[in-house]
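Asks:
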Amino acid sequence: MAKSKINISGLALGKSILSLKAEHPKNLSIDHETNKANINYVHSNEFEDAFSGTPATNAGFISFDGNTKLINAFSVSFGHLDNFSANNYKNGLVALYSLPKTGWIESKSNGVKVFKYECTDYSLEINYNPERSSFMIFKEI
70 MAKSKINISG
80 LALGKSILSL
90 KAEHPKNLSI
100 DHETNKANIN
110 YVHSNEFEDA
120 FSGTPATNAG
130 FISFDGNTKL
140 INAFSVSFGH
150 LDNFSANNYK
160 NGLVALYSLP
170 KTGWIESKSN
180 GVKVFKYECT
190 DYSLEINYNP
200 ERSSFMIFKE
210 I
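The sequence shown begins at 70 in the numbering used here and counts up by one.
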């Protein structure tokens with residue numbers, strides 16, 4: 070599956086960080102020195118944009134190329150999905166965001182179940198932890 074087809078609650082690899090800022094003027098903070106940004110949303114009273122109503126609870130990090138300003142990696146947390154089993158959690162995210170259905174490698178470390186998908190130009194990692202927020206990392210290779 071082409072990375073350009075994957076969109077996680079409005080976040081996508083190759084999307085302009087400036088475009089994302091225009092979409093989320095109140096919730097996106099950008100650090101141009103480190104080429105990092107983050108979004109805090111859903112539980113905020115001021116939150117009124119496109120992430121509202123999704124299962125995502127926040128974007129832990131967003132990094133972008135300093136020259137092109139295009140997003141090259143991000144993580145998204147799904148805190149309130151932890152009541153699902155690990156496989157149902159992963160399968161739900163695959164269905165909801167039209168992620169690749171096959172090719173996932175499963176592992177477990179310190180109580181955290183990890184599902185990893187890798188192809189020639191990007192990787193996806195879904196981390197399931199029943200004791201903490203679970204999250205997904207999407208990055209260019």
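Just so you know, even glycine gets a beta-carbon here, dropped at the ideal spot from N, CA and C.
Just so you know, these numbers come straight off a predicted model, no measurement behind them.
Name the DSSP bridge partner or partners of V181?
Replies: Taking the sequence shown and counting its residues from 1, the one referred to as residue 181 is at position 112. V181 pairs with S178.
Asks: My guess is that Y197 and A155 are in contact by the Cβ rule of under 8 Å, so how many angstroms apart are they, rounded?
Replies: Against the sequence shown, residue 197 aligns to sequence position 128. Against the sequence shown, residue 155 aligns to sequence position 86. Going by Cβ atoms, the distance from Y197 to A155 rounds to 4 Å, so yes, they are a contact pair.
Asks: Using only the alpha-carbon positions, how far apart do N96 and S203 sit?
Replies: Along the sequence shown, read from residue 1 onward, the residue named residue 96 stands at position 27. Along the sequence shown, read from residue 1 onward, the residue named residue 203 stands at position 134. Going from the Cα of N96 to the Cα of S203 covers about 21 Å.
Asks: Indicate the three-state DSSP secondary structure (helix, strand or coil) for I140 in the structure shown.
Replies: Position 71 of the sequence shown, counted from the start, is the residue given in the question as residue 140. DSSP places I140 in strand when its eight states are reduced to three.
Asks: Distance check for E175 and K182, CA to CA, integer angstroms please.
Replies: Here residue 182 is taken as the residue at index 113 of the sequence shown, counted from 1. Here residue 175 is taken as the residue at index 106 of the sequence shown, counted from 1. If you take the alpha carbons of K182 and E175, they lie about 7 Å apart.
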